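A.B. asks: In terms of our numbering, the sequence shown opens at residue 4 and continues consecutively.
Yeah, the Cβ is synthetic: ideal placement off N, Cα and C, and Gly gets one too.
Since the structure is predicted, the reported quantities are computational estimates derived from the model, not experimental observations.
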Amino acid sequence: MVYNKSMTTTEKAIRQSVSLPSPLAKRVKALAKSRKVSSNRILIELVETGLRSKEEEKRIFFELADRLSTSTDAKEQQELKEQLARMTFGE
4 MVYNKSMTTT EKAIRQSVSL PSPLAKRVKA LAKSRKVSSN RILIELVETG
54 LRSKEEEKRI FFELADRLST STDAKEQQEL KEQLARMTFG E
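1. Run through DSSP, which three-state label would L23 get?
2. Can you list, in chain order, the residues of its chain whose CB lies under 8 angstroms from that of L34, leaving out five sequence neighbours each side?
3. Whole alpha helix (DSSP H) runs in the segment 26-84 with 4 or more residues, listed along the chain?
4. How big is the Cα-Cα spacing for R18 and M90?
5. Quick check: what's the CA-CA separation for L27 versus S74?
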């Protein structure tokens, strides 16, 4: 079992089975080999990074929404609406 620094000693690891498309599995193995760690370690790091990224994206979205609700400047409101639309629907 591999632990990272963010796991406490009381946390229990839960085994998960994940099927990866072949090209993605090859990329994971190559990254693991280049960093001299297991594929499992790479997958854990990628999931943690992805979760942090989603949380940050959500934080930014709500920050923009708060700014929009308090803004009185029409130009700023339009820019904030456009930013929120891009975040929601993509470019």
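C.D. replies: In this structure, then:
1. Note: L23 maps to coil in three-state DSSP.
2. Cβ neighbours of L34 beyond the five flanking positions: I45.
3. Residue ranges of uninterrupted alpha helix (DSSP H) with 4 or more members, entirely inside the segment 26-84 and ordered along the chain, are 42-73.
4. Each residue's Cα considered, the two are about 33 angstroms apart.
5. In a straight line, the C-alpha of L27 is about 44 angstroms away from that of S74.
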